[in-house]
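Trainee:
Residue numbers (the working numbering): 59 to 515.
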């Protein structure tokens, strides 16, 4: 058998990320067609918008849906997912490290598919929709810890950055496909079809993953002995015994690089989650793009991410192998790219006003730069301790998800009386400050070297 099983496994993880992220963001587009259009005005019959591009540009922008939800309720429909995600992060990280990781991932994907299929029915009662969205976030919390654990089991050290980038490219590809297809499905078939179609397709992946792949290379049936030995003898390989090792809690929580990672994962995610959840809304309400244009423009930066990140990951691996930089230096470069350039873009957007072309270009660049988190701090858990990568991800991504819960709710509350650039500017500055501080902390205190407490005492 050709020595490609580890590559096929990585591609399956990439597709799993596509599924989880796709089902995470589809409601951000679908909700545009779920709610009744509300045009805020100063007097009856006098409709005004922050940016007026003329009737020919904004015709068909507003879709009139069946639900009379306030902007605060709409924000909660999106953000309650992340409350469940936050709640489940640490338990899922622990389960990923201590139990059969393959089964944890299967439960994660199957749960997402089933709960997505329930959304059209649940939406008739807002409280039930909140519960379904919360549970969707809860089962989704497993996917990042699971990826970190499985990479430790399946990917050789010399290929780590490259394959992390390819696997995490699934988050960008899933976002692209979800936003674009959601816009088209919404326009052609209505909002319910978004959830029915997206909820059914993951079942194919589940069947393939269940039948053809094992939890680890040691027990994988369809693999050559040469490739099996290449993986299990690689530096930093996560062994079968790791699931039974005592967790060195004291060493973990007294580790300076780990605390730097907690801070960076908390505040370095702000811009990513803000744009992930709120970009379609901003482009619809401020830049006044119709749903099809909105979907196409919103997904374009994620497509660029899916191409750029694997190339950057390959570059980081190449530079380390050539001794141009150490692993830590490469990670710090990636964290810089994911934090500082997007902050500069948001500063310009905040004061650019109604410049549609300029704002759109800068928003696209912001997401492209933010997407480097997947070869930056989100890879760092496996750098520090492959044997406890799931637990570390569960710990750091609990506060790391707070921004995804807070920001949609904050935007909903701020825009209750109408969408204006002044109100959006407040949100931009929150993201700018968070991102900048994340870079400063990581560049001073962060590390990408395997820590002594990774090994059993």
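We treat Cβ as the ideally placed atom computed from N, Cα and C, and that holds for glycine.
Three Cβ pairs or more, each shorter than 8 angstroms: is that satisfied between the segment 210-219 and the segment 438-448?
Mentor: Touching, yes.
Trainee: For residue 265, count neighbouring Cβ atoms within 10 angstroms of its own Cβ and tell me buried if that reaches 16, exposed if not.
Mentor: Result: exposed.
Trainee: Under a three-way DSSP split, which group does residue 167 fall into?
Mentor: helix
Trainee: Taking only the alpha-carbon atoms, compute the straight-line gap between residue 224 and residue 69 and give it to the nearest angstrom.
Mentor: 8 angstroms
Trainee: Report yes or no: do three or more beta-carbon pairs, one from the segment 123-141 and one from the segment 419-431, lie closer than 8 angstroms?
Mentor: no
Trainee: Going by C-alpha distance, which of 455, 404, 496, 416 is nearest residue 483?
Mentor: 404
Trainee: Using the DSSP secondary-structure output, state which residues sit across from residue 500 in a beta bridge.
Mentor: Its beta-bridge partners do not exist; DSSP assigns none.
Trainee: Nearest-angstrom Cα distance between residue 503 and residue 387?
Mentor: 12 angstroms
Trainee: DSSP three-state label for residue 125, please.
Mentor: strand
Trainee: Spatial neighbours of residue 364 within its chain, please: CB distance less than 6 angstroms, with the 5 preceding and 5 following residues excluded, ordered by chain position.
Mentor: Around residue 364, the same chain offers 227, 230, 231 as residues with beta carbons nearer than 6 angstroms, after the five sequence neighbours per side are excluded.
Trainee: Do you know offhand how far residue 104's Cα is from residue 477's?
Mentor: Confidence is the limiting factor: at residue 104 the pLDDT is only 39, short of 50, which leaves the residue's position unreliable, though a coordinate-based value still follows. Each residue's alpha carbon lies about 16 angstroms from the other.
Trainee: Given a cut-off of 8 angstroms on the beta-carbon distance, is the pair residue 170 and residue 260 in contact?
Mentor: yes
Trainee: Quick one: give me the first and last residue of the alpha helix (DSSP H) that residue 474 is part of.
Mentor: Segment: none, residue 474 is in no alpha helix (DSSP H) and carries neither H nor E.
Trainee: Does the segment 193-209 come into contact with the segment 146-164, if we say contact requires no fewer than three beta-carbon pairs (one atom in each stretch) closer than 8 angstroms?
Mentor: yes
Trainee: Between the segment 324-344 and the segment 445-465, do at least 3 Cβ pairs fall closer than 8 angstroms?
Mentor: yes
Trainee: What separation, rounded to the nearest whole angstrom, lies between the Cα atoms of residue 240 and residue 81?
Mentor: 10 angstroms
Trainee: Use the C-beta contact count for residue 304: other C-beta atoms within 10 angstroms, 16 or more gives buried, fewer gives exposed.
Mentor: Exposed.
Trainee: Starting from residue 441, trace the alpha helix (DSSP H) in both directions and tell me its first and last residue.
Mentor: 438-442
Trainee: Rounded to a whole number of angstroms, what is the C-alpha to C-alpha distance between residue 98 and residue 181?
Mentor: Interpretation of residue 98 is limited by its pLDDT of 45, a score under 50 that renders its predicted location unreliable; no figure is taken from the coordinates.
Trainee: Do the segment 390-402 and the segment 173-189 meet, that is, are 3 or more Cβ pairs less than 8 angstroms apart?
Mentor: No: fewer than three Cβ pairs fall under 8 angstroms.
Trainee: Tell me whether the beta-carbon of residue 145 lies closer than 8 angstroms to the beta-carbon of residue 196.
Mentor: yes
Trainee: Anyone know if the C-beta pair for residue 236 and residue 381 falls short of 8 angstroms?
Mentor: no
Trainee: Whole angstroms are fine: how far does the CA of residue 94 sit from the CA of residue 452?
Mentor: If you take the alpha carbons of residue 452 and residue 94, they lie about 38 angstroms apart.
Trainee: Assign residue 499 to buried or exposed, taking buried as 16 or more other Cβ atoms, counted over all protein chains shown, within 10 Å of its Cβ.
Mentor: buried
Trainee: At what residue ranges does the segment 202-273 contain a whole run of the alpha helix (DSSP H), taking only runs of 4 or more?
Mentor: 218-247, 249-258, 260-270
Trainee: What's the gap between the Cα of residue 190 and the Cα of residue 454?
Mentor: Those two C-alpha atoms are separated by around 25 angstroms.
Trainee: Quick check on residue 506: buried or exposed, where buried means 16 or more other Cβ atoms within 10 Å of its Cβ?
Mentor: buried
Trainee: DSSP three-state call for residue 177: helix, strand or coil?
Mentor: helix
Trainee: Would you report the Cα separation of residue 342 and residue 72, rounded to the nearest angstrom?
Mentor: 30 angstroms
Trainee: For residue 278, I'd like the list of residues in its chain whose CB is within less than 6 angstroms of its CB, leaving aside the five on either flank, ordered along the chain.
Mentor: 272
Trainee: Determine the extent of the alpha helix (DSSP H) in which residue 307 is found, giving its start and end residues.
Mentor: 307-311
Trainee: If I follow the unbroken alpha helix (DSSP H) through residue 186, where does it start and stop?
Mentor: 184-198
Trainee: Less than 8 angstroms between the beta carbons of residue 257 and residue 193, yes or no?
Mentor: Not in contact: residue 257 and residue 193 (Cβ atoms no closer than 8 angstroms).
Trainee: Is the Cβ-Cβ distance between residue 86 and residue 475 less than 8 angstroms?
Mentor: no
Trainee: Relative to the alpha-carbon of residue 204, which residue among 157, 177, 221, 242 has its alpha-carbon at the smallest distance?
Mentor: 157
Trainee: Find the nearest neighbour of residue 132 within the set 168, 163, 92, judged by alpha-carbon distance.
Mentor: 92
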